[in-house]
Amino acid sequence: MDSLNAFNSDPWMEVPHGNHSHYVPKDCDPPLPVSDAPTQRPKPGETVDCQGNTVPLTAR
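Numbered as in the numbering used here, the sequence shown ends at 64 without a single skipped number.
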């Protein structure tokens with residue numbers, strides 16, 4: 005993970021939070037609060053939607 009997510013092409017970003025991380029979608033308006041984002045990394049072919057659900061990439 006780079007600090008600015010500049011080299012990350014995933015549609016979500018990892019946000020470290022204490023002893024765990026949240027996986028927050030990048031393009032939500034309004035943004036999803038970090039506390040509402042999942043703590044389990046999306047699997048290949050999955051992403052996080054603007055409601056904080058892990059969904060297939062095609063569902064966005």
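Yeah, the Cβ is synthetic: ideal placement off N, Cα and C, and Gly gets one too.
If you run the structure through DSSP and keep just helix, strand and coil, what is Thr51?
The three-state reading of DSSP puts Thr51 in strand, counting E and B together.
Closest by C-alpha distance to Asp40, when choosing among Pro60, Pro15 and Val28
Val28
For the beta strand (DSSP E) that Thr62 lies in, which residues bound it at each end?
Element bounds for Thr62: n/a, residue is neither H nor E.
Over the uninterrupted beta strand (DSSP E) stretch that includes His13, give me the two end residues.
Looking at the sequence provided, one finds Ser at residue 13 rather than His. Note, Ser13: premise wrong, no beta strand (DSSP E); not H, not E.
Can you check which of these residues, Gln44, His21, Lys47 and Lys30, is closest to Asn12 by C-alpha distance?
The residue with the shortest Cα to Cα distance from Asn12 is Lys30.
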